[in-house]
Structure formats: C-alpha cells, structure tokens
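Shown next, in structure tokens, is the structure this report addresses.
Residue numbers (the working numbering), protein chains in the order written: chain A, 1 to 876; chain B, 1001 to 1444.
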C-alpha cells in the first residue's frame, strides 16, 4: 500500500528530478566519512564451550542460573515449572550465599506459584519452602518475608479451585511454623477464610477427606491462639536460668489483647461447626457401622468446638477481670446464643447411642465422640451454669467412664481409653472446688478407683496425680470449715486413700519411671507441707512412714538380709524430694530411721546424697521430729557400720570410702556439737560407744567413734571410771594396730608421707583423750608394756597372723607409737609425767632383747637393738 | 551513730556496738530470740520475740535504748517467732507458729488484724520498701506476698479466693530468709531455703526468675545496696557472692551464678546485715562472733565478741536517742519509759468508730502523743456543711451575694467612667500632637 502511494506521488511530481543510478557502480565515499574498518591480525577466543558465558556464576546441575530458573517458573508447561523449582532447590543447596543475596527476589517470584494450577508444582514449591528457603531465612527480617508470602496465600485461599485452597492452608501452616508471631496480625483474616470454606459444604458432602483436611488446619490455627497453648509455656518456664533480671521484657506477643476481635470471629465459626456436626449424626444413629472418614470429621469438629469454647471461657475471664473498655454490649448475647445452640442442638444428642448393635471398633468410636461432647460440656460448665438435669447426665457418664463401664467389651484397648480419661480428669478438681455434694462423693469414689487401678508409670497415673494436686487446696479448705457434714467425711476418706496409696505407688514404680516418681514425690511433699500438727491431714501423712520403709530399704529373707530400696537408684532430684518429705513427718519413728540408716550404709549411694540425708535428718531433729536418743543412735550406727572396704575388694581399702567416712564423721561431730549440752550427749552415747568399741570394729570406724567421744567430752574428762579402764585396754591395741600402717622401715626423714598422715589421723583422737585424762595414758602405757612382755608368750595375735614373727612386729609398732607420741610437743609434756610407764616398756624391750627364750636371727636381733637405742635416746 | 544490734537464740542478751568505732554499748538483758525475731521499731526502741526455755509460750519484749532491763512484755495469743516493723515504726507484724500473721499498731498496742497466712509456722517476715507489701516465708516452703490494702479491705478480701498477691511455692523445705530489692512494684524477691537453693522471684509478674543451687544450706541472705550481687551465708561457714545482673555464667566451681565465696567462719553463718553507711557487710556466726567485712575486699574490718552461743539476729540501726530523754523520763508515764503499751492479745471486736489514728512522724524525736484527730475534724466539717444547707443560711447567703453584686456593679460603673475619661484624654492628646507635628513640618 505504502509503496503504491509513493509511486503515484512520483508520477505526479514534476518538480523532482529523476535520478538514475547505475547498478553495480559504487558511490564515492563522502569526504567527511570516518573509516570504520577494524583490522586485526588474529581473533582470540578465551573459551569455546557453550557454558562459557556462565563462568563464575552459580548454576545448578543442569547449568542454569537462578535468573533463568526463576524465569522458567512461570513457564506455561507444568513440567518445566516443576523442573525449575527442583533446580532452584538444588542451586540453593549448593550455593547458600546465592540464596542470601537473592532471597527476596526469589521469594517474590516464587510466591506466584502458590496459586499454581498444577498439584505437583505446588507440592514441589511447598517442599522448596519447607526444606530450603524458610530454614535459611531464620535470622533475617522474618516479618518482611511473611508479609511477602501472606498476600499470595490469602489470594490462593479464595481461589476457585478447592485443591488450591486446601494447599494454601498448608502454606499458611508452614509460614506460621516459621514465624509464629505473624499469626497475631493475620488471625482475623485466616479465620474468615476458614469460615468461608466451611460454608461451602456442598464440596464436603462428596469428599469427606477434604473436609477433614480443612478441619485439621482450623484446629491447628485454633491451638495457636495464645490461651490454647498454655502447656507449651509451662515447659519453657523451666528454662529460667538465662533470664536477665532487670532487663527490658518485650511483652508484645504475650499480651493477648489483640485477640478480642478474633473471639468475635470464632463466634461465627462455632454455629457452622455445630451444624456440620448435626449433618453427620443421622448417619450414626441409622447406620450399622461408622465410616472411618466421617468419624474422623466428627471428632475434629468436636475438637474445634472445644477449642472455640475454651477461647470463650478465656475471653469471659478476661472481661470479668478488667471491665472491658471496648464495651460491646452484644458480646454476652452472642455467647448466650452459642450456648443455647449447644444446649438445643448438641447436648440433647448426648449420649450418642447406636440404633443397632455395633462392632467393638465402632463402639469405641462412639465412646470417643461421647467423651468429646462431655469435654465440651464441662468446659462450658466452667463458664455458665448449665441446667442441673443435664449436668447430672454428664456426671453420670463421667462416673461410668472412670469406672470403665462405658464400653463393655473394650477393656482390651487400654491405651485408647486412657487417652480419653486423661482429657476428662482435669474437670474433677474443678467440679470438686465448687463444694461438696452428693455427686462429688460419687465422683471421688470413681476417681479413687481409677487412681488405684491405673498402671504405675502410665500417663493416666500422672494425670491422676496432677488432679489430686489440684484438689488438695479445695478439699483442705472444705475440711477446715466444718466437720459435721457427712460429705466431708467422704472427702476425708478419699484423701486418706490417696495418701495411703502414694508410698505403695513409689515402691511399685521402683526406678523404672523416674518422671512419674518425681511427680508422686512432689505431690507427697506438698501434702506434707500442708499437714500441720494435730490436723487430720497430719495424722494421715504420718501414717505413710511405715509404708515408706521399703522405699529406702527392703528386708529380704528370714535372716533379715538388708537390701537397698529403689531410693538409691532414683535420680538426684527424686532423692532430694523424698528426703524433703521426711522432714515434714511430725515424728520419725525408729523403724523408718533404721531403714534410712541401712540405705545410707549402702556402697551404691553417692556421698553427697549421704551427707544430704544426714543434713535433713538433723534439720528434722532441730524441729523436734526425731528424739535425741534416736538421732544419736543413727549417728553411731552410721559410723560403726560404714564399710570402708566393701565386699568384693577384700581387705583393700579404697580411698574414696576412707574420705567419705572421714568427712561424714566431721559432719556428724559438728552436728553433735550443735545439739548443745555436751555432757548430756556424752551421757547418752558413752555407754553405747564403749560397748561397741569392745567388739573391735575396723580401725577407721573405731577412730571415728573416738572422734565422736572427743567432740562432746571436755577437759578434764567426764568419762566414767569404768569406761576409762575399758578404753585403756582397748586403746593400746588400737594404737599398735594404727602404727602397723606404717612401713616397717619407717624413717624419720620422710615426714610428709601419706602413711604418716593417716597414722596421725588415727592417733589424734587418742591424743585428745590423753590430754584430758592422764590416767588413761598411764593405763595405755602399762598395757602396752605388758603386751611387749607377753608378746613372746602369745605367738599368734588376732591381727597379724600373716607375720610369722609377729612379736617382732608388735615390738616395732609399740616403739613407733611411742616415737609418734613423743613427736607431738604437747604430748611430750604429758609423757614426762608418766615416766614409769615408758620406762617399763623400755625395760621390757631390753629384757626381750636379751632373753634367750625365743630364737632370733641376727638380723632380727639387730633390729630390736636399733629400736631400743632410738627409744632410749628419744625418751631420756 | 550506727549501731550493730545482735541477739542470740540462747539467752545472752542483746549486744550493741558502734559500727564505726567498735565501742560496745549497753547490753540489754534477757533476750533469746529466734532468727528474724529482733527488730528496731523505727529506731526508737528494740523489740524482740522471746522464747523462754522454761515455759512453752513465747512473748514479745520491748527495750528502750537507754535501759538494759526489759521495758514492756507482751503476751500474744500464740508463740511469735519472726517480727517485722514498717520503716517509720508504726506497725509491727509478727508470724505465729501455726502460720498466722498478726499486725499490731505500735502506739496503741491494738491488734489490727490476724489472718491465716501459711500452712505451717511463719519463719520470716519482711516489709517492702514502701511498706505497702508484707512478704512472709514459711516452714511449708512457700513465700507469700501480702498487700496491706487487700488485708484491710474487708469487701475485697471476702470476694477474693485468696488474700495473697503472690504465692511462690518453689521451695521444698522451710524458707530461712527472704529479702526484697528496691524498685517498688518491679522489685525482685530473693528467698533462701533449707533445700540448699535460693530463688529469685519477680514481684510484678510473680514468676521465678532464677534458681541458684548452693553446696550447703543458706541461712541468711542480704542484698548489695546496688543489687549487683547478693550475699548468702551458708551452714558450712562460707559467704557466697551471687551475681544478679550477669547472664548465666559459670565462673566458679560452686555452681551457676555464684561468683565467689569468702570465709573466715569455722562454723555456720547464721545472719547477715549490710551497714547503712559505708560498704560494710556484717555477719553473725554460730560461734558467737560478729564479723564486719569490707564488702569490696572481703577483709575483716572488725570483730565483735558476742557470746558463746550462736548469734541469731543482727540489725544495723540508727537509734534515736536524745539527751532530753533523761530529763523527761522522770516525769513520764507509769512505766517510766518512752515505750508504747504492750501489744494486745486479741483483736477488739467492738471497734470505736471514732478511733484515733495515731500518726508518728519520722522526724519527731519524741513521738509520744502525736496523734491527729482526723475523724473529729471531718465530723465538724460535716456539721458545718449541714448548717449551711438550712433555709435561713441560704437566705443569709442571698443577701450577702446581692450586696456583693451591687458593690461590684458600682465598681464596674466607676471603672467605665474612668475608662471613658482616659479615652477622651488620649484622643485629644493624639490629635493635638498630630497637629503640632504637621505644623512643625510646615514650618520647615
């Protein structure tokens, strides 16, 4: 067209000169032309491959860059899109820095795929976000990322295609998991979307599975509401070590003030859920069996209602606490509306009972539904008072459930029924706290039954224990008010039953369920803390000590062989708790003290626990819970029977046990000093200790006994004449035994040897005794002197049977004892006052040396000579 | 003058020493007080709970600063162990062995309130910095915070399920000591217990902030005035330093948060106090010695020999002793001292509606009878108002008002006149001046 026009113009134009040009002839170049020719000798290509231009760039397996991949994500072919997503994942995995740099751009592009038509693509995208992108952005500006995604998620939620909607909820889940605080800002919109989707129930009538998916998402969102996740907060509370004391606390996410509008939204959802539940009910009553999917739907519907009701209760609580400033008068009306819907529609259906006989499995399912309805009912009952006849129906159901009479043949399925009961148990304390009545008695009886019957260590047991814990305060308050009420008597009975059950439970648990033991012990401790003198609770609490005996120590067989109870093997916290329980017993009797002592003597017990036991016993004594005689006899028992060399390692002392007994004695002595009235204490322990010392316990134990005497004795001694004589004979043997710990060729030069310090440790209490009573020293020296003289007559002594020439050893030991005593400056003075005793010993040694009765080798004779000489030099 | 006051649980009297000179003051006789049983009431006199070994019941004794003998003996309904007085010394709170807390008014000795606070005996009582809260620790291991507003608000306390503001139930054994920090509603509370732990609680949220495990039982704690650390005296004779500000640090072998320890006690540390002036830490020990430490260097500055028995209480007080008291004493009331009447045993059920409300001014040296009869004043005001309300009074008022009105109208007229005069004068002046200046220009 244009050409023809141009031609016609040419024809018309006379003014234009027609220029003819010859073909093939070049025009001469204009004069001002620039030469654009480039000349080079050679063309050099740095590389010749196809990927050359991507050198240094991050590429995935297929050699595509991020930019190309992102472009491909919007390709019209679903397969290409999917491949691109897979490629991105691969790329990001290989080059994390690439993601860091381009994450916002990538997310901005990728979010378009949330509403993708192809299921596989969406799935891949979900995968990509879940495994790579979101975890990689943890430290960044999470809010920005969430807001980038959220718009597209909401968009997808209103998509025409149902699948995309459901998938959008999945994405939502992912985002909430990634950054939970974001829920607060989007909650209203999220619930609005759920409401919309639930309204379209024509979709669901065909596909129960999809409804189930949607409901699952709703329930997840509901449980994200701050008041519905109380349990998780409790766990975090234990992590209190890292809190800064005076730091600024950001309390924004904690304050749920922003959620009041959400409660309004929930009010709209509740009737929808109830209606959809009602749609199912005819199928149950009519059909012979319950279809799995619809059962699942019903259960999740009920769960959803439950969570919503809980939110209402929470909202109501908050309103009552602070008169709301928003002041919405119709709020209460709405709540009434919902409760009336529940009352009219849901609760009359209860209990759901089949028209036909159902199989066992279906029966179980039905029970599940009933339980869920009951839970909703009790939840609502906390909030508003429901009609009493209805309440009675539900209470009866609860009682049956507790007694296990709900499902006849289904006893086998314990785990399931347990799970159901655990949900109902928390409502018992709430009901009880409203005051005693006919029904509390019945319920508590059923509760006691289930508490007894449940397996030790099971979750049900734990739930029972926490329920008892909750009931303590109301029951105690009721009991303290009036005692004439017959219901109160029942209350007391059940309380007594629980308290009596606790020690049995502890023994049953053994060391297999430390967590459960801990809960039980904590409960026991709390009961103990409340049990003040002469109240009925205190009597009940004191009764447990008989049963607790076996917890610390069990007697086995007729000969009374003692064996450690489960206490020893429990973790440290449990041990601590159980010891604290002992402190609150108003009187600790001898049997339990015996079993505790037996437990203390066990070699398995950690020394720190041993010291803690003694400490707590002493605290209990200071409170007057233990008689002084019992208290001291425990001390003596511990010292006397503590095995320094436990069985198995015969004869060989282990340093750990030695150290333990030493520090234990130090502790005991300091406590004995704290008791006050040393003379009195000495009076009590003197006879016992002297009696036991005569039985010649091992060296370490005797030393500790002596230390105890020394602690409470004074200068001059208060020991009786009789015991001094007994001690005199005993101590000589004790000193000789102690000195034998030294090596035979003991030398003055090695002053800091370990043996020397041990021997000195053994000797020290004797020094104190000698210092306080010179007569005792005289006696000891005399006995030693005669021992030396008689040593030739007793060829074999008790303690040194291993040595063939034991008399030599004995003389040697006596000599070193004298030397050691002489080394101490204070003892030196006292020694000088008992010259004749020392002299007689030396005399005896010299006579022994010269006696011909015993045959001696020259070497032996020389040794004795040496000793004799040294004694002489030192003592002169 | 800063005085260290110490008592023991076995009868050894109350020892007083000047903290800065070390001079021993008067030793007050016959006092055997359990831990937390010795207080100074507003610096005016000493009060202590007394457990006599012979009789089963306990009593509360008062001493004036100037006399060694017991001034006043009170016999409460049950044995009182811990005592606490608010800072001006107007009220005394006492914890009973059955778990009740008693609150007396010092000036009249009236028992204002008694309430069941704990399941078991109360072991320690502390008033908060602003005296509005009372914190109690008990043998049952709980620490409870009581608001005095709540305690005296009959209506609210009937409605409420519990009287306490917070109940901290973290301790497994008896609570041995409780201290509260500064910062009013946002303060921290530190409690020590026989379960070998100290716990730090938040007063505002009621949450457990910290749990510090020690290698021995802690019997006494004291906060550093700046709240950087607190000191904990243990039964093994050590004084542990525990950091409050730092985040969890393990700097020593003793455990988390424990920064260090120092010890010169062979026996257990039973009580701790902080000097009012100077950075001094004072510790009492089971061996009857009182040691004054430099809190920075942990060196002993001074030592007071108290007695053989264990020291159970230490207070640092600025006593209000004035020289005039000796002169006045001869003329003073029946007991011949400046002590208030004994604390009553039971609360009076019939309360006088026009009860006097005694107010003790902190600055007043002699605060014997400073009482404001506020209710009288109010009732007279009411009467006056009622009189005003009568018809005659209103007529009188009207007359008066009319009179006033006329007067003010006259005044207004006068003002108006004056204003007009002034206005005319001014206008005239201006015009004249204008003409003058014009004529001046013309002349030029």
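Each residue gets a CB set at the ideal place from its N, CA and C atoms; glycine is no exception.
Looking at residue i: is its Cβ nearer than 9 Å to the Cβ of residue j?
i: residue 464 of chain A; j: residue 525 of chain A; result: no
i: residue 1157 of chain B; j: residue 1151 of chain B; result: yes
i: residue 1272 of chain B; j: residue 1281 of chain B; result: yes
i: residue 636 of chain A; j: residue 705 of chain A; result: yes
i: residue 149 of chain A; j: residue 190 of chain A; result: no
i: residue 421 of chain A; j: residue 395 of chain A; result: no
i: residue 215 of chain A; j: residue 300 of chain A; result: yes
i: residue 1219 of chain B; j: residue 1161 of chain B; result: no
i: residue 865 of chain A; j: residue 808 of chain A; result: no
i: residue 222 of chain A; j: residue 272 of chain A; result: no
i: residue 378 of chain A; j: residue 346 of chain A; result: no
i: residue 145 of chain A; j: residue 168 of chain A; result: no
i: residue 1072 of chain B; j: residue 1342 of chain B; result: yes
Which chain A residues are close to residue i, counting only those with a beta carbon under 8 Å from its beta carbon?
i: residue 1173 of chain B; result: 580, 583, 616, 619
Looking at the secondary structure, which residues open and close the beta strand (DSSP E) in which residue i lies?
i: residue 384 of chain A; result: Run containing residue 384 of chain A: none; DSSP gives neither H nor E here.
i: residue 98 of chain A; result: Where residue 98 of chain A is concerned, there is no enclosing beta strand (DSSP E), although the alpha helix (DSSP H) it sits in stretches over 96-110.
i: residue 1270 of chain B; result: 1269-1274
i: residue 181 of chain A; result: It is not in any beta strand (DSSP E) - residue 181 of chain A carries neither H nor E in the DSSP assignment.
i: residue 1059 of chain B; result: 1058-1064
i: residue 1114 of chain B; result: 1111-1116
So which residues of chain B does residue i contact, with C-beta pairs closer than 7 Å?
i: residue 525 of chain A; result: 1172
i: residue 577 of chain A; result: 1172
Looking at the unbroken alpha helix (DSSP H) that takes in residue i, where does it start and where does it end?
i: residue 655 of chain A; result: 655-675
i: residue 580 of chain A; result: 572-583
i: residue 591 of chain A; result: 590-600
i: residue 497 of chain A; result: 486-509
i: residue 439 of chain A; result: 438-453
i: residue 680 of chain A; result: 678-694
i: residue 741 of chain A; result: It is not in any alpha helix (DSSP H) - residue 741 of chain A carries neither H nor E in the DSSP assignment.
i: residue 830 of chain A; result: 825-833
i: residue 516 of chain A; result: 514-530
i: residue 607 of chain A; result: 607-622
i: residue 763 of chain A; result: 754-772
i: residue 887 of chain A; result: Limits of chain A in this structure are 1 at one end and 876 at the other, which puts residue 887 of chain A out of reach.
Using 8 Å for Cβ pairs, my map puts residue i next to residue j. What's the rounded Cβ distance?
i: residue 604 of chain A; j: residue 564 of chain A; result: 6 Å
i: residue 682 of chain A; j: residue 712 of chain A; result: 4 Å
i: residue 1132 of chain B; j: residue 1149 of chain B; result: 7 Å
i: residue 1013 of chain B; j: residue 1031 of chain B; result: 6 Å
i: residue 877 of chain A; j: residue 520 of chain A; result: Since the first residue of chain A shown is 1 and the last is 876, residue 877 of chain A is not available in this structure.
i: residue 308 of chain A; j: residue 262 of chain A; result: With 8 Å as the limit, residue 308 of chain A and residue 262 of chain A do not qualify as a contact, their Cβ atoms being about 10 Å apart.
i: residue 1006 of chain B; j: residue 1314 of chain B; result: 5 Å
i: residue 1147 of chain B; j: residue 1118 of chain B; result: Not quite, the Cβ-Cβ distance comes to about 16 Å (not below 8 Å), so this is no contact.
i: residue 846 of chain A; j: residue 868 of chain A; result: 6 Å
Buried or exposed: where does residue i fall if 16 or more other Cβ atoms within 10 Å of its Cβ makes it buried?
i: residue 32 of chain A; result: exposed
i: residue 1305 of chain B; result: exposed
i: residue 1360 of chain B; result: Since pLDDT at residue 1360 of chain B reaches only 47, below the 50 mark, its modelled position is unreliable, and the value read off the structure follows with that caveat. Per the 10 Å Cβ criterion, buried.
i: residue 476 of chain A; result: buried
i: residue 22 of chain A; result: exposed
i: residue 17 of chain A; result: exposed
i: residue 1035 of chain B; result: buried
Please list, in chain order, the chain A residues whose beta carbon lies closer than 7 Å to that of residue i.
i: residue 1024 of chain B; result: Under the 7 Å cutoff, chain A gives no residues; its nearest Cβ is about 26 Å from residue 1024 of chain B.
i: residue 1119 of chain B; result: 529, 530, 532
Chain A partners of residue i, CB-CB under 9 Å?
i: residue 1217 of chain B; result: 615, 619
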